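What follows is one structure encoded as structure tokens, with my remarks underneath.
2 protein chains.
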Amino acid sequence: MRPTSEQHLDDDVLERHFTLGEIPGVLWAPGSASAPAPLVLLGHPGGLSAMYPRLLARARHAVAAGFAAATIELPWSGDRPRSAAAEEARADLVRALQAGKPVDDGIVDRLVLPLVEQAVPEWRAALDALLALPGIGGPVGWSGGVVSIGIRLAVVEPRIAAALLFAGSYVPRAVFEEARRVTVPLLVLLQWDDEGNDRQMALDLFDALGSEQKTLHANTGGHTGVPHFEGDDADRFFARHLRTGGPAGSGR
Amino acid sequence: MRPTSEQHLDDDVLERHFTLGEIPGVLWAPGSASAPAPLVLLGHPGGLSAMYPRLLARARHAVAAGFAAATIELPWSGDRPRSAAAEEARADLVRALQAGKPVDDGIVDRLVLPLVEQAVPEWRAALDALLALPGIGGPVGWSGGVVSIGIRLAVVEPRIAAALLFAGSYVPRAVFEEARRVTVPLLVLLQWDDEGNDRQMALDLFDALGSEQKTLHANTGGHTGVPHFEGDDADRFFARHLRTGGPAGSGR
Numbered sequence: 047m048r049p050t051s052e053q054h055l056d057d058d059v060l061e062r063h064f065t066l067g068e069i070p071g072v073l074w075a076p077g078s079a080s081a082p083a084p085l086v087l088l089g090h091p092g093g094l095s096a097m098y099p100r101l102l103a104r105a106r107h108a109v110a111a112g113f114a115a116a117t118i119e120l121p122w123s124g125d126r127p128r129s130a131a132a133e134e135a136r137a138d139l140v141r142a143l144q145a146g147k148p149v150d151d152g153i154v155d156r157l158v159l160p161l162v163e164q165a166v167p168e169w170r171a172a173l174d175a176l177l178a179l180p181g182i183g184g185p186v187g188w189s190g191g192v193v194s195i196g197i198r199l200a201v202v203e204p205r206i207a208a209a210l211l212f213a214g215s216y217v218p219r220a221v222f223e224e225a226r227r228v229t230v231p232l233l234v235l236l237q238w239d240d241e242g243n244d245r246q247m248a249l250d251l252f253d254a255l256g257s258e259q260k261t262l263h264a265n266t267g268g269h270t271g272v273p274h275f276e277g278d279d280a281d282r283f284f285a286r287h288l289r290t291g292g293p294a295g296s297g298r
Numbered sequence: 047m048r049p050t051s052e053q054h055l056d057d058d059v060l061e062r063h064f065t066l067g068e069i070p071g072v073l074w075a076p077g078s079a080s081a082p083a084p085l086v087l088l089g090h091p092g093g094l095s096a097m098y099p100r101l102l103a104r105a106r107h108a109v110a111a112g113f114a115a116a117t118i119e120l121p122w123s124g125d126r127p128r129s130a131a132a133e134e135a136r137a138d139l140v141r142a143l144q145a146g147k148p149v150d151d152g153i154v155d156r157l158v159l160p161l162v163e164q165a166v167p168e169w170r171a172a173l174d175a176l177l178a179l180p181g182i183g184g185p186v187g188w189s190g191g192v193v194s195i196g197i198r199l200a201v202v203e204p205r206i207a208a209a210l211l212f213a214g215s216y217v218p219r220a221v222f223e224e225a226r227r228v229t230v231p232l233l234v235l236l237q238w239d240d241e242g243n244d245r246q247m248a249l250d251l252f253d254a255l256g257s258e259q260k261t262l263h264a265n266t267g268g269h270t271g272v273p274h275f276e277g278d279d280a281d282r283f284f285a286r287h288l289r290t291g292g293p294a295g296s297g298r
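In order, the protein sequence lines correspond to chains G and F. For the first sequence, our numbering gives the first residue as 47, with consecutive numbering after it. For the second sequence, our numbering gives the first residue as 47, with consecutive numbering after it.
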């Protein structure tokens with residue numbers, strides 16, 4: 047992990063940009079930390095530059111609640127090399143959507159499964175590097191999309207102790223099977239009127255997830271209309287599950 | 047409204063039992079109040095004595111968060127006179143359930159619609175009496191079941207400023223139509239594995255509700271397994287909507 051820049055933001059947040067091999071990433075942490083802060087990984091749909099304002103807002107919220115937050119670029123997105131196969135799958139998706147046709151399983155599989163295969167080891171490598179830094183601790187939370195990446199990480203990465211999943215993307219059938227093997231506490235966010243999301247599929251996915259403790263928060267509004275108070279709910283969810291020594295199940 | 051007993055509970059909660067005509071009720075309020083506390087009406091399925099421990103727990107939670115809480119007995123329940131028609135509808139329901147048959151709309155209508163017709167004016171009369179007491183203020187919240195009573199109250203009673211609905215009972219088709227006319231902010235609780243509840247019907251009801259601001263919280267577990275942290279979430283929901291002067295949408 048190679049630091050590329052570092053700045054203190056005005057609300058006592060230290061923002062550090064880094065690269066991990068060819069992968070750019072950002073870490074936000076309390077500027078004047080004492081005990082190691084539990085780490086929350088911020089998922090996103092790819093394209094760090096375009097996503098930066100929303101990621102920064104989520105990170106500020108997390109840091110204000112006593113966590114560190116970090117994210118890395120997804121494969122084939124942003125400034126990273128493209129994949130011909132991924133471009134083709136995305137083009138097929140766009141064509142299907144423009145034609146008003148249902149998106150068939152083949153397209154979704156070609157779009158998402160290679161992404162999960164490539165991305166999950168990268169996030170795990172990022173975890174290794176981030177948790178080696180002073181001031182950054184475990185256990186670790188996952189927060190956001192791509193939901194299929196969050197599910198795979200929750201299944202294979204034992205350092206993930208809780209996950210907030212954003213039910214807002216295409217999900218291959220194989221991921222439904224994998225969802226049954228998730229056991230960590232979950233908070234699933236669903237935007238009820240999300241134009242680009244199949245509501246019934248999202249509810250089926252919530253049903254499929256294997257965790258004993260799972261909560262669905264559905265709100266009116268479109269994809270980007272998540273109400274502000276869900277940020278506070280997310281902090282409380284992670285506080286319940288990432289802070290050791292807190293009163294169990296007390297909801298703070 | 048006639049007071050029948052009054053006691054200070056050990057956590058600075060003043061519990062007052064009363065009757066309103068023939069209807070018994072309970073009011074819980076801060077024992078040492080200053081400003082008038084916004085009132086939350088606690089809905090329940092009927093049978094105050096049997097429900098008392100759970101109502102008291104919910105009331106303590108509300109009072110600790112700075113609210114007053116009150117409830118009244120439902121028509122034909124507890125110590126109130128029975129209705130032959132209601133008993134018959136209930137017996138038909140039990141027979142249908144025991145036979146493993148789907149509960150037909152006729153039974154649900156006969157069970158719920160007369161209850162709503164009778165109960166809603168009673169809750170409104172209770173509101174008149176409760177809001178005349180010193181230390182009890184508006185705006186008012188509704189919290190709990192019977193969901194059809196909560197929906198009717200939210201539609202016809204302008205003092206109801208927010209409602210938490212527990213999606214856990216039979217809902218007549220007519221109430222789905224009425225649900226579209228609800229406009230106050232809503233938090234809808236759904237127990238995902240509720241044996242006595244039709245999950246799809248609950249989701250359809252959430253979809254039908256007309257409010258611009260509505261949130262669904264679904265949790266794993268059966269009818270009585272609502273997680274403890276939902277009590278805190280409920281307090282925050284009411285704090286956002288019943289406290290005037292708070293930062294709008296801040297989620298506190």
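Note that CB positions come from ideal geometry on N, CA and C, so glycine has one too. Remember, predicted model here, so these are calculated numbers, not experimental data.
Item to check | Nearest-angstrom Cα separation, counted from residue 71(G) out to residue 244(F) | outcome: Sequence index remark: in the second sequence, residue 244(F) carries index 198 (1-based). Sequence index remark: in the first sequence, residue 71(G) carries index 25 (1-based). Roughly 45 angstroms between the two C-alpha positions.
Checklist entry - From the beta carbon of residue 289(G), is the nearest beta carbon of chain F less than 9 angstroms away? => result Taking the first sequence and counting its residues from 1, one reaches residue 289(G) at position 243. So, not an interface residue.
Item to check | CB contact below 9 angstroms: residue 269(G) versus chain F | outcome: Taking the first residue of the first sequence as 1, we reach residue 269(G) at position 223. It does not; no Cβ of chain F falls within 9 angstroms.
Checklist entry - Hey, residue 252(G) and residue 213(G) are a contact pair by Cβ (cut 8 angstroms); roughly how many whole angstroms apart? => result Taking the first sequence and counting its residues from 1, one reaches residue 252(G) at position 206. Taking the first sequence and counting its residues from 1, one reaches residue 213(G) at position 167. With 8 angstroms as the limit, residue 252(G) and residue 213(G) qualify as a contact, their Cβ atoms being about 7 angstroms apart.
Next on the checklist: Could you compute how far the alpha carbon of residue 57(F) sits from the alpha carbon of residue 102(F)?
Outcome noted: As a working note, residue 57(F) is residue 11 in the second sequence. As a working note, residue 102(F) is residue 56 in the second sequence. When rounded, the distance between both Cα atoms is 12 angstroms.
Next on the checklist: Which of the three DSSP states is assigned to residue 87(G) in this structure?
Outcome noted: Here residue 87(G) is taken as the residue at index 41 of the first sequence, counted from 1. Three-state result, residue 87(G): strand.
Checklist entry - What do you reckon, are the CB atoms on residue 120(G) and residue 146(G) nearer than 9 angstroms? => result The residue you call residue 120(G) lines up with position 74 of the first sequence. The residue you call residue 146(G) lines up with position 100 of the first sequence. Result no, Cβ atoms of residue 120(G) and residue 146(G) do not sit closer than 9 angstroms.
Item to check | Beta-carbon neighbours of residue 65(G), restricted to chain F and to distances below 7 angstroms | outcome: Working through the first sequence from its first residue, we reach residue 65(G) at position 19. Those do not exist, as residue 65(G) stays about 35 angstroms from chain F at its closest Cβ, beyond 7 angstroms.
Next on the checklist: Cβ closer than 7 angstroms: which chain F residues qualify as neighbours of residue 260(G)?
Outcome noted: Translated into the one-based positions of the first sequence, residue 260(G) becomes position 214. What residue 260(G) touches in chain F: 266.
Checklist entry - Does any residue of chain G bring its CB to less than 9 angstroms from the CB of residue 284(F)? => result Start at 1 with the first residue of the second sequence, and residue 284(F) comes out as number 238. False, the Cβ-Cβ gap to chain G never drops below 9 angstroms.
Checklist entry - Is it the case that the Cβ atoms of residue 159(F) and residue 85(F) are separated by a distance below 9 angstroms? => result In the second sequence, residue 159(F) corresponds to position 113, counting from 1. In the second sequence, residue 85(F) corresponds to position 39, counting from 1. No, Cβ-Cβ distance for residue 159(F) and residue 85(F) is not below 9 angstroms.
Next on the checklist: Using a Cβ distance threshold of 8 angstroms, determine whether the stretch 168-183 of chain G contacts the stretch 135-154 of chain G, with at least three qualifying pairs required.
Outcome noted: no
Checklist entry - Can you list, in chain order, the residues of its chain whose CB lies under 8 angstroms from that of residue 263(G), leaving out five sequence neighbours each side? => result Counted from its first residue, the first sequence places residue 263(G) at position 217. The residues are 233, 234, 235, 236, 276, 279.
Checklist entry - Is the beta carbon of residue 88(F) less than 9 angstroms from the beta carbon of residue 62(F)? => result Residue 88(F) sits at position 42 when you count from the first residue of the second sequence. Residue 62(F) sits at position 16 when you count from the first residue of the second sequence. No, they are not a contact pair.
Checklist entry - What number of angstroms, rounded off, separates the C-alpha of residue 91(G) from the C-alpha of residue 242(G)? => result For the purposes of this step, residue 91(G) is taken as residue 45 along the first sequence, with counting starting at 1. For the purposes of this step, residue 242(G) is taken as residue 196 along the first sequence, with counting starting at 1. Going by the C-alpha atoms only, they are around 13 angstroms apart.
Checklist entry - If you compare alpha carbons, which of 281(G), 81(G), 68(G), 64(G) is closest to residue 187(G)? => result Sequence index remark: in the first sequence, residue 187(G) carries index 141 (1-based). Residue 281(G) is the option with its Cα nearest to residue 187(G).
Checklist entry - Should residue 238(F) be flagged as near chain G, meaning a C-beta pair shorter than 9 angstroms? => result Taking the first residue of the second sequence as position 1, residue 238(F) is located at position 192. Chain G, which has a Cβ nearer than 9 angstroms to the Cβ of residue 238(F), makes this yes.
Item to check | residue 235(F) - partner residues in DSSP beta bridges | outcome: Within the second sequence, residue 235(F) is the residue found at index 189, counting from 1. The partner list for residue 235(F) (beta bridge, DSSP) reads 212(F), 263(F).
Item to check | Beta bridge counterpart(s) of residue 299(F) as assigned by DSSP | outcome: It is not possible to answer for residue 299(F), since the shown part of chain F is limited to 47 through 298.
Item to check | Proximal chain F residues relative to residue 107(G), where beta-carbon distance stays under 8 angstroms | outcome: Residue mapping note: residue 107(G) aligns to position 61 of the first sequence, counting from 1. None at all; the shortest Cβ gap to chain F is about 10 angstroms.
Next on the checklist: Could you check whether the Cβ of residue 275(G) sits closer than 9 angstroms to any Cβ belonging to chain F?
Outcome noted: Taking the first sequence and counting its residues from 1, one reaches residue 275(G) at position 229. Yes, its Cβ sits closer than 9 angstroms to a Cβ of chain F.
Checklist entry - Based on Cα-Cα distance, which residue from 175(F), 184(F), 165(F) lies nearest to residue 198(F)? => result In the second sequence, the residue the question calls residue 198(F) occupies position 152. The shortest C-alpha separation from residue 198(F) is found at 165(F).
Checklist entry - When burial is assigned at 16 or more other CB atoms within 10 Å of the CB, is residue 140(F) buried or exposed? => result Taking the first residue of the second sequence as position 1, residue 140(F) is located at position 94. By the neighbour-count rule (16 or more Cβ atoms within 10 Å), residue 140(F) is not buried but exposed.
Checklist entry - Can you name the start and end residues of the alpha helix (DSSP H) that residue 194(G) belongs to? => result Reading the first sequence from its first residue, position 148 is the one you call residue 194(G). Where residue 194(G) is concerned, the enclosing alpha helix (DSSP H) stretches over 193-202.
Checklist entry - For chain F, is any of its Cβ atoms less than 9 angstroms away from the one on residue 252(G)? => result As a first step, residue 252(G) must be located in the first sequence, where it is residue number 206. At least one chain F Cβ lies under 9 angstroms of residue 252(G).
Checklist entry - If you check the beta carbons only, do residue 73(F) and residue 176(F) fall under 9 angstroms apart? => result Here the question's residue 73(F) lines up with position 27 in the second sequence. Here the question's residue 176(F) lines up with position 130 in the second sequence. Result yes, Cβ atoms of residue 73(F) and residue 176(F) sit closer than 9 angstroms.
Checklist entry - Mind checking residue 80(F): buried by the 16 CB within 10 Å criterion, or exposed? => result In the second sequence, counting from the first residue as 1, residue 80(F) sits at position 34. Counting Cβ neighbours within 10 Å, residue 80(F) comes out exposed, since fewer than 16 surround it.
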